[in-house]
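Protein sequence lines correspond, in order, to chains A and B. Residue numbers for the first sequence follow our numbering, beginning at 1 and rising by one. Residue numbers for the second sequence follow our numbering, beginning at 1001 and rising by one. All C-beta atoms, glycine included, are put in the ideal place defined by N, C-alpha and C. Okay, structure first, notes after.
There are 2 protein chains.
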Amino acid sequence: MSAVRHDVFQAIADPTRRELLRLLSREEMPIAKIASHFSVSRTAIVKHLQILSDAKLVIGRKEGRERLYSLQPEPLEEVKQWLTYYEQFWNNKLTMLKYIAENDQENS
Amino acid sequence: MSAVRHDVFQAIADPTRRELLRLLSREEMPIAKIASHFSVSRTAIVKHLQILSDAKLVIGRKEGRERLYSLQPEPLEEVKQWLTYYEQFWNNKLTMLKYIAENDQENS
DNA sequence: TTAAAATAAAACCAAAAGGTGTTATATTAA
DNA sequence: TTAATATAACACCTTTTGGTTTTATTTTAA
Chain A
1 MSAVRHDVFQ AIADPTRREL LRLLSREEMP IAKIASHFSV SRTAIVKHLQ ILSDAKLVIG
61 RKEGRERLYS LQPEPLEEVK QWLTYYEQFW NNKLTMLKYI AENDQENS
Chain B
1001 MSAVRHDVFQ AIADPTRREL LRLLSREEMP IAKIASHFSV SRTAIVKHLQ ILSDAKLVIG
1061 RKEGRERLYS LQPEPLEEVK QWLTYYEQFW NNKLTMLKYI AENDQENS
C-alpha cells in the first residue's frame, strides 16, 4: 500500500484522511487516541496515517511504546498554488484582468 | 464507474483529470480533440470526463454529432475553503493571530 | 520478570479505479 | 441513401484502495 509515492492531491482525496488532518492539527496524538475518534479499525487508521506520512502531511515520532503523530501542513501549499490558476475563472477576475490589459493598450 | 457521486477532492486527485481541467480551461472542446492531447485511450478520457462531470467541474453540451466539454471551476471553491483552515499553520499566521488576540486583551 | 499495553507486521478480501478493445447508434457530407 | 465521422454503450481486465482479522514485537508498570 505504500511503495507508490503518494502525492498530496491523492492524500487529501479521502474523507477519513481529511478528518485525520483536522484532528492532528489540534494536537499531537498517539495512534490509539487517534483511532478512538473513528469507527474504522485501528489498522485502517494506521494505513491512512502511512499514506499521509508518504505525502509528508503528517509526521510520527516514537516515544516509548507510543508513536505520536502530528500535522505537517506545508505540502498543502502545492494544492493552494494549483488553485490560484483557477481563481481567475470564478468571481470574474479574468474579466477584470482583460479590462486592465485593454486599458493599458489604450494608454500606450 | 459513476453511480458513486464523485466529490471534488476525489475528482482532482488524478493527474490526468487535472490536465483535463487545464486543457478545458483554455477552450471548449469536443471529445476527439480532447483525447488527442493524451496518450491513454479515448474511452479512458470519456470516463475521466464523466467523473469530472459528476463533480460538476466540467459540463458537456451536445452539438450535432459532437459533445463539447468546458470547464466549470466553481466547485474548486470548496477546496479553497478547506485550505483556508490550514493556512494559519504555515507562515506562522497562527502565531500572528495569537499575538493580535493577546494584545487586544492587554488593551481592554 | 512477567503481564499488560501499544504498536508493527502479515495475510487476506471486496470493491473501486483506471485502463483496454469491440460493438452499437446517431449525424452529416457526398 | 450511404459511407464516414463522432460518440455512446458494453464487456472485460489488472492494480490499487480501503478495509478486515490474526500474529508478532517492543516497552513499561507491577
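Looking at the backbone, the Cα of residue 1016 of chain B and that of residue 80 of chain A are separated by about 18 Å.
When rounded, the separation of the alpha-carbon atoms in residue 1020 of chain B and residue 1034 of chain B is 8 Å.
By the neighbour-count definition (other C-beta atoms within 10 Å, threshold 16), residue 1064 of chain B is an exposed residue.
Residue 1069 of chain B has a beta carbon lying at 8 Å or more from every beta carbon in chain A. For residue 1077 of chain B, the C-beta contacts it makes with chain A under 8 Å involve 90, in order along the chain. If the five residues before and after residue 55 of chain A are omitted, its C-beta is found closer than 7 Å to the C-beta atoms of 6, 7, 8, 11 and 75, all from its own chain and listed in chain order.
With respect to the 8 Å criterion, residue 59 of chain A and residue 53 of chain A are classified as neighbours on the basis of their beta carbons.
Interface flag for residue 1012 of chain B against chain A is set, since a Cβ pair is found closer than 8 Å. For the pair residue 40 of chain A and residue 49 of chain A, the Cα-to-Cα distance works out to about 13 Å. Between residue 28 of chain A and residue 68 of chain A, the C-beta gap is smaller than 8 Å, which places the two residues in contact. Residue burial is scored here from C-beta neighbours: residue 86 of chain A has at least 16 other C-beta atoms within 10 angstroms and is therefore classed as buried.
Pairing residue 31 of chain A with residue 1025 of chain B, the inter-Cα distance amounts to about 42 Å.
The beta carbon of residue 1061 of chain B sits closer than 6 Å to the beta carbons of 1068 from its chain, once the five residues preceding and following it are set aside; these are given in chain order. Rounded to whole angstroms, the separation of the alpha carbons of residue 1047 of chain B and residue 1038 of chain B is 13 Å. Counting along the chain, the unbroken beta strand (DSSP E) around residue 68 of chain A starts and ends at 66–71. Listed along chain A is no residue with a C-beta nearer than 9 Å to that of residue 1049 of chain B; the closest approach is about 17 Å. In this structure, the CA atom of residue 1089 of chain B is about 7 Å from the CA atom of residue 73 of chain A.
Between the alpha carbons of residue 1051 of chain B and residue 1057 of chain B lies a distance of about 9 Å. Secondary structure within the region 1009–1058 of chain B: the alpha helix (DSSP H) runs of 4 or more consecutive residues, fully enclosed, are 1015–1026, 1031–1035 and 1042–1054 (chain order). Judged by DSSP in its simplified three-state form, residue 1063 of chain B adopts strand.
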